[in-house]
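The listed protein sequences correspond, in order, to chains A, B, C and D. With my numbering, letter number 283 in the first sequence gets 558, and the count goes up by one each step, no holes. With my numbering, letter number 209 in the second sequence gets 484, and the count goes up by one each step, no holes. With my numbering, letter number 114 in the third sequence gets 118, and the count goes up by one each step, no holes. With my numbering, letter number 251 in the fourth sequence gets 255, and the count goes up by one each step, no holes. To start, the structure itself, in structure tokens.
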Amino acid sequence: MAIFGKKYFKVELDRPERKDDETLWMKCKACGELVFKKRVRENNNICPKCGEYFFLTAPERIELLVDPGSFEDISRPIIAADPLQFTDEDGSAYPEKIKKAQEETGLANEIIIGQARIGGYPVILAVMDFRFIGGSMGSVMGEQICQAIRHAVKERAAFVLISATGGARMQEGILSLMQMAKTASARKMLAEAKLPFISIMTYPTTAGVEASIASLGDITLAEKGALIGFTGRRVIKQTIRQDLPEDFQTDRFAFEHGMVDNLVKREQLRDELIRVLSLFAPLLTQSPAVAIEAHKKEAIV
Amino acid sequence: MAIFGKKYFKVELDRPERKDDETLWMKCKACGELVFKKRVRENNNICPKCGEYFFLTAPERIELLVDPGSFEDISRPIIAADPLQFTDEDGSAYPEKIKKAQEETGLANEIIIGQARIGGYPVILAVMDFRFIGGSMGSVMGEQICQAIRHAVKERAAFVLISATGGARMQEGILSLMQMAKTASARKMLAEAKLPFISIMTYPTTAGVEASIASLGDITLAEKGALIGFTGRRVIKQTIRQDLPEDFQTDRFAFEHGMVDNLVKREQLRDELIRVLSLFAPLLTQSPAVAIEAHKKEAIV
Amino acid sequence: MIYEELQRQIEQLRILSRNGLDLSEEIAQLEAKLAALKRQTVAPAPSPSPATELDDWERVKLARHPKRPYTLDYIKSLTEDFYELHGDRLYGDDAAIVTGLARFEGQTVVIVGTQKGRDATENVKRNFGMPHPEGYRKALRVMKLGERFGFPVITLIDTPGAYPGVGAEERNIGGALAQNIYELFHLKVPVIATIIGEGGSGGAIALAVGDRVLMLENAIYSVITPEGCAAILFRDATKAPEAARALRLTAPHLLRLGVIDEVIPEPPGGAHLEPEMTLGTLKEALQRHLCELLALPVELLLRQRREKFQKMGVYEEIPESSLS
Amino acid sequence: MIYEELQRQIEQLRILSRNGLDLSEEIAQLEAKLAALKRQTVAPAPSPSPATELDDWERVKLARHPKRPYTLDYIKSLTEDFYELHGDRLYGDDAAIVTGLARFEGQTVVIVGTQKGRDATENVKRNFGMPHPEGYRKALRVMKLGERFGFPVITLIDTPGAYPGVGAEERNIGGALAQNIYELFHLKVPVIATIIGEGGSGGAIALAVGDRVLMLENAIYSVITPEGCAAILFRDATKAPEAARALRLTAPHLLRLGVIDEVIPEPPGGAHLEPEMTLGTLKEALQRHLCELLALPVELLLRQRREKFQKMGVYEEIPESSLS
Ligand SMILES: [Zn+2]
Ligand SMILES: [Zn+2]
């Protein structure tokens with residue numbers, strides 16, 4: 276399991292500079308103000324002027340939530356295959372698409388799973404990255420989620436899933452659909468072990484993921500500004516030939532229709548998670564540090 | 276258990292004439308036609324001219340449904356007490372009200388429970404009589420329903436509940452409310468024994484009975500013309516100060532809102548029950564006749 | 005008294021709406037309720053009897069007192085780290101029922117309670133503490149969530165009853181109540197129900213199938229409101245005080261009838277005068293009962309719960325000799 | 005072809021409405037669907053390839069053939085004494101899903117299937133076989149009813165997908181699908197799913213978590229419709245035939261991918277040409293699988309069901325040597 280230390284899977288949380296940091300300032304797409312990039316990042320990728328949420332990558336999400344230095348990647352060393360030998364009309368084959376996404380994101384896959392502490396409580400995180408082919412769920416995501424659940428059971432940690440996904444990965448055809456069943460089947464292991472599953476829905480949480488594992492949390496939180504639904508707006512509009520309600524599939528819509536427990540501002544997500552975790556504390560491994568050490572030992576053996 | 280043969284509890288299904296048979300003809304309240312009473316009775320108390328359903332007493336219901344001669348009363352020898360020492364404003368005490376209902380109906384209570392066969396299948400029937408203080412549920416009904424369920428388990432018979440009730444019996448106050456919990460708690464015994472519970476809702480099935488045992492059937496049938504709901508129309512109208520939908524709380528309303536499995540015409544109720552029972556046949560006592568004999572023997576001992 | 009309060013709240017809403025908020029619908033709704041209340045409201049009750057024991061009708065008024073502690077007040081005072089959970093995952097979220105997890109004396113518990121509003125705006129949101137089916141379905145969902153983790157359930161009941169409306173009937177309110185009652189008999193964790201104010205009919209018992217049922221001294225628990233009972237049985241809604249007495253809906257009566265397990269005393273004049281005292285007494289009682297119940301094996305717990313309710317009811321055995 | 009059929013059905017409705025029935029709403033609805041279809045509909049496919057194996061797009065057209073046997077046809081022919089059950093007990097009854105009990109070879113079974121309409125009127129009622137949440141909730145209710153009695157579950161799937169509408173989203177269609185998938189893994193009776201026509205995405209798999217998944221030779225089962233796939237990936241909905249081929253949505257492909265367990269052969273030209281033959285073959289297969297599954301202890305049954313789906317998916321292991 277030494278690969279966890281290797282570059283390909285490791286999420287570099289503490290790198291001081293980023294590729295896109297070519298300029299120090301950026302223009303907010305919401306208020307139009309020029310804002311200092313560093314300030315934006317320090318502010319959870321929220322515009323310091325108007326409060327607009329900018330996109331968070333999976334590594335940024337993890338950084339935002341976990342106790343500093345506590346995150347350890349536990350991904351299985353797998354990447355997408357091409358079982359359908361799928362080629363888009365523009366001639367680009369699926370493996371090329373994957374490769375491009377890997378290069379653009381620096382990630383091996385559309386989901387990062389890892390072990391961490393949040394407020395001292397042991398958690399297994401599974402975090403999707405929307406940049407990676409829309410965070411769509413194919414065989415790799417399905418397997419990594421199952422892997423995360425197995426780890427949560429082994430470590431007696433809470434399972435925290437953070438969704439940012441357009442749904443199933445079309446390029447894997449029926450096998451991506453099957454991941455709905457695969458992930459749902461693993462979820463029972465958490466219930467049997469009396470471990471909490473906290474599902475966090477962000478912008479967007481839709482289609483095949485929303486209609487499977489993301490909707491099966493013990494506690495379901497929606498990040499403010501989330502988009503939550505099964506079918507896309509465009510398809511619905513085309514089908515019913517009517518205008519959609521203004522708040523359709525927004526966080527508020529999901530809350531009012533009983534789909535989520537609470538709406539949480541991004542800057543409060545970590546504290547909210549700690550509040551929730553504290554209520555399950557007696558069921559989790561008492562000393563998170565010990566658990567991590569135990570895992571490391573086993574990994575080396 | 277010799278009392279089962281005694282007049283007070285026995286339902287006389289085969290008596291040739293009735294108290295109310297003072298004239299041979301009656302006027303249908305729906306179509307206004309004069310109809311021959313005997314024809315009406317032979318026609319399941321449905322007007323032979325226009326199809327209007329006339330009221331069915333509990334004994335009539337039983338007669339309509341069971342295999343001829345197969346019914347045996349298994350009521351507990353109990354009648355209503357007066358735990359609240361309840362007196363209506365007109366000065367009539369609850370025990371007097373009970374006595375009057377007994378005299379008018381010839382029944383000891385608002386519910387008859389008995390063992391019978393329907394299409395040869397063993398059933399335990401619990402049938403409410405709306406004439407008896409609106410078929411309302413007090414301590415006696417609660418206990419008789421539990422008694423019926425216990426018998427169903429003992430005899431491996433299907434439990435068939437036929438509701439005709441305005442709800443809880445106010446004169447027994449909180450104890451009538453408690454019958455909702457009491458009957459619901461007994462219902463599990465059927466599930467544990469893998470015995471079917473068929474709930475038949477007729478005109479009316481409302482309030483405390485609708486919100487407890489009547490809504491807990493494996494299969495729920497509504498007799499055509501049934502009234503099904505929790506709160507009475509009058510109270511709702513008074514609260515919301517709006518007109519109610521025309522079909523509000525009708526059989527069709529209940530069906531369209533997913534509350535019942537099927538709407539069944541009175542004249543088809545027996546056949547429909549047999550269809551349902553046949554699907555559960557392997558779980559019921561194989562030879563109904565044997566079961567009844569066994570029960571009788573035990574009763575004598 | 006209640007409708008004076010309501011009138012005050014309508015005024016308040018009108019003031020609010022002058023500040024640009026469109027509350028016309030809410031105001032119209034409240035006015036309809038006010039009108040309905042007026043029709044039902046009774047003449048002032050006679051002054052309390054000289055005995056120290058309060059008259060039943062006085063107790064009804066105390067149980068409905070607008071300053072009485074409500075569910076959220078109890079949660080705030082009895083528990084720590086309350087985390088509210090929302091939604092039935094089927095249709096909506098009903099603010100007339102509050103559910104969540106909290107720590108009670110160090111133990112994580114599920115809290116479920118009906119919630120009335122303190123002012124007009126909140127009463128519109130809370131629907132005067134009258135839940136819809138989605139409220140009961142949320143309650144069941146959260147209780148089952150707690151069951152998965154072994155968290156005991158504490159319910160707090162203060163409702164005039166389930167909401168009598170078209171939507172509630174359309175979404176099978178009767179079926180929702182029945183389902184809750186049924187499922188509560190199979191919940192594999194201790195359940196303690198407390199009637200803290202109004203225990204209104206089916207809407208109350210659907211949250212009150214507990215291993216223990218406690219009741220505040222001035223709470224009421226009844227199959228029907230005194231007003232409703234008077235209207236039906238006495239054909240005169242103004243006879244509510246008489247109906248209240250006839251229904252035996254106060255804690256001392258219910259204790260005698262075997263329906264509740266313990267009466268939680270209140271200070272003279274009602275819980276709202278010295279809330280801390282009542283809260284302290286309730287906390288002690290909850291702790292004591294919870295401790296007893298947590299010691300029981302699950303199977304015994306469930307059997308006792310079932311037997312407790314199986315015993316409820318009073319009837320007369322007919323001696324065989326009296327049968328012809 | 006499909007929209008010609010639809011046009012015919014709209015005409016039929018118009019004739020009906022001349023007889024005094026007000027169907028204007030239904031007609032408008034259908035016309036909207038027709039318009040949507042027209043936008044999506046593709047040019048006629050090329051004539052079949054000379055090979056005996058049908059082209060994937062040909063299969064799509066056969067799977068959607070308006071004369072193809074539908075769920076109720078299978079129920080009628082495969083089972084006896086079918087007794088339909090209705091309603092989710094929560095909100096409504098959805099005619100796009102048919103549920104009930106029936107006798108299959110002497111054994112009482114639960115039947116659940118999506119149902120398309122044969123004509124315009126029935127298609128309005130059946131919503132073109134596209135269920136709402138209440139349909140899936142009804143299905144779950146009835147499957148759990150069957151579980152209580154030990155009745156095996158047979159599902160028949162023929163749906164373009166769950167209905168893409170506002171009401172469906174409001175009532176949490178995603179949550180309903182997720183719940184069904186989850187609960188199917190814990191249903192303590194054998195479950196055999198058969199894709200008989202269209203197996204459309206989440207709306208299909210929510211009924212297809214079976215110990216065995218069978219599929220008719222000319223049925224399709226896909227994560228997205230070919231039209232939808234073409235519109236998104238190729239930015240051109242008329243490229244549906246190409247998308248159909250790319251998606252590998254026919255039975256032979258799915259068997260190879262390990263997603264289904266057995267292909268039920270159809271007569272040349274499709275099941276509708278000789279329905280009895282297909283029905284007979286399916287009956288034999290269902291019988292055989294049911295017999296095997298009924299012999300398994302429940303625990304093993306559930307473990308195998310879970311393991312079956314745990315194995316699904318294809319990915320590449322990265323050898324450690326390739327990691328920097
Ligand atoms: Zn800004
Ligand atoms: Zn007539």
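Cβ atoms here follow ideal geometry from the backbone N, Cα and C, with glycine treated the same way. Since the model is a prediction, treat every value here as computed from it, not as a measurement.
Check                                                                                                                                                                                                        : Outcome
Where does residue 310 of chain A sit, in a helix, a strand or coil, going by DSSP?                                                                                                                          : strand
Taking 9 Å as the threshold (C-beta atoms), are residue 490 of chain B and residue 182 of chain C in contact?                                                                                                : yes
Quick check: residue 141 of chain C and residue 95 of chain C, are their CB atoms within less than 9 Å of each other?                                                                                        : yes
Residue 424 of chain A and residue 461 of chain A look like a contact to me (Cβ under 8 Å); what is the Cβ gap, rounded to whole Å?                                                                          : 5 Å
List the residues of chain G that residue 81 of chain C touches, going by C-beta distances under 8 Å, in chain order.                                                                                        : Protein chains A, B, C and D are contained in the structure displayed, whereas chain G is not.
Helix, strand or coil for residue 469 of chain B per DSSP?                                                                                                                                                   : coil
When you compare only the Cα positions, how much space is there between residue 44 of chain C and residue 70 of chain C?                                                                                     : Residue placement at residue 44 of chain C is flagged as unreliable, the pLDDT there being 43, under the threshold of 50; the coordinate-derived value follows with that caveat. Computed Cα separation, rounded: 18 Å.
Can you say whether residue 307 of chain A is buried or exposed, counting buried as having 16 or more other CB atoms within 10 angstroms of its CB?                                                          : exposed
Using DSSP's beta-bridge definition, name the partner residues of residue 537 of chain B.                                                                                                                    : B:496
Please list, in chain order, all residues of the same chain as residue 318 of chain D whose beta carbon is under 6 Å from its beta carbon, the five residues on each side excluded.                          : none
Residue 233 of chain D: buried (16+ other C-beta within 10 angstroms of its C-beta) or exposed?                                                                                                              : buried
Quick one: what's residue 480 of chain B bridged to in DSSP?                                                                                                                                                 : B:440 and B:503
Is the closest heavy atom of ligand 1 to the C-beta of residue 324 of chain A under 8 Å?                                                                                                                     : yes
With residue 647 of chain A as the anchor, note down where its beta strand (DSSP E) starts and where it stops.                                                                                               : The shown model of chain A, from 276 to 576, leaves out residue 647 of chain A, and the question about it has no answer.
Do the CB positions of residue 518 of chain A and residue 502 of chain A come within less than 9 Å of each other?                                                                                            : no
What separation, rounded to the nearest whole angstrom, lies between the Cα atoms of residue 281 of chain B and residue 522 of chain B?                                                                      : Because the pLDDT at residue 281 of chain B is just 43, under 50, the model does not fix this residue reliably, and the value given afterwards should be weighed accordingly. Going from the Cα of residue 281 of chain B to the Cα of residue 522 of chain B covers about 44 Å.
How far does the beta strand (DSSP E) with residue 226 of chain C in it extend, from its first residue to its last?                                                                                          : 224-226
Helix, strand or coil for residue 157 of chain D, going by three-state DSSP, please let me know.                                                                                                             : strand
Strictly under 9 Å for the Cβ-Cβ distance: is residue 47 of chain C near chain D by that measure?                                                                                                            : Below a pLDDT of 50, predicted positions are generally treated as unreliable, and residue 47 of chain C, at 35, falls in that range; no measurement from the model is reported.
Let me check understanding here. Comparing Cα to Cα, which of C:229, C:277 and C:222 lies closest to residue 257 of chain C?                                                                                 : C:222
Would you say residue 43 of chain D lies against chain A (beta-carbon separation less than 9 Å)?                                                                                                             : Because the pLDDT of residue 43 of chain D is 42, which lies under 50, any placement of that residue in the model is unreliable, and the number read from its coordinates should be weighed accordingly. So yes, residue 43 of chain D belongs to the interface.
Can you tell me whether residue 310 of chain B sits near ligand 2, meaning its C-beta is under 8 Å from at least one heavy atom of the ligand?                                                               : yes
Where residue 551 of chain A and residue 273 of chain D are concerned, what is the direct C-alpha to C-alpha distance, given to the nearest angstrom?                                                        : 59 Å
Report yes or no: do the segment 527-536 of chain B and the segment 90-105 of chain D share at least 3 C-beta pairs separated by less than 8 Å?                                                              : yes
According to the Cβ coordinates, are residue 107 of chain C and residue 119 of chain C closer than 9 Å?                                                                                                      : no
Leaving aside the five residues before and after residue 231 of chain B along the sequence, list all residues of the same chain whose C-beta is less than 8 Å from its C-beta, in chain order.               : The structure shown does not extend to residue 231 of chain B, since chain B spans only 276 to 576, so no value can be given for it.
Strictly under 9 Å for the Cβ-Cβ distance: is residue 50 of chain D near chain B by that measure?                                                                                                            : Its pLDDT being 38, under 50, residue 50 of chain D is placed unreliably by the model, and the measurement read from it follows with that caveat. Not an interface residue.
For the candidate residues B:298, B:339 and B:325, whose alpha-carbon lies nearest to that of residue 331 of chain B?                                                                                        : B:339
Run the CB neighbour count on residue 240 of chain D, radius 10 Å, all protein chains shown included, and call it buried at 16 or more, exposed below.                                                       : exposed
Please go through the same chain and pick out, in chain order, the residues whose beta-carbon is closer than 7 Å to the beta-carbon of residue 76 of chain D, but skip the five residues on each side of it. : 102 and 119
Taking 9 Å as the CB-CB cut-off, is residue 175 of chain C touching chain D?                                                                                                                                 : yes
What three-state label does DSSP hand residue 148 of chain C in the structure shown?                                                                                                                         : helix
Following a CB-centred definition, is residue 307 of chain B positioned closer than 8 Å to any heavy atom of ligand 2?                                                                                       : yes
Rank A:407, A:500 and A:303 by C-alpha distance to the C-alpha of residue 600 of chain A and give the top, closest one.                                                                                      : This structure leaves residue 600 of chain A out entirely; chain A is present only between 276 and 576.
Looking at chain D, is there any beta carbon in it that lies within less than 9 Å of the beta carbon of residue 470 of chain A?                                                                              : no
If the cut is a Cβ gap below 9 Å, which residues of chain A does residue 319 of chain C touch?                                                                                                               : Going along chain A, no residue has its Cβ under 9 Å from residue 319 of chain C, so there is no contact; the nearest lies around 42 Å.
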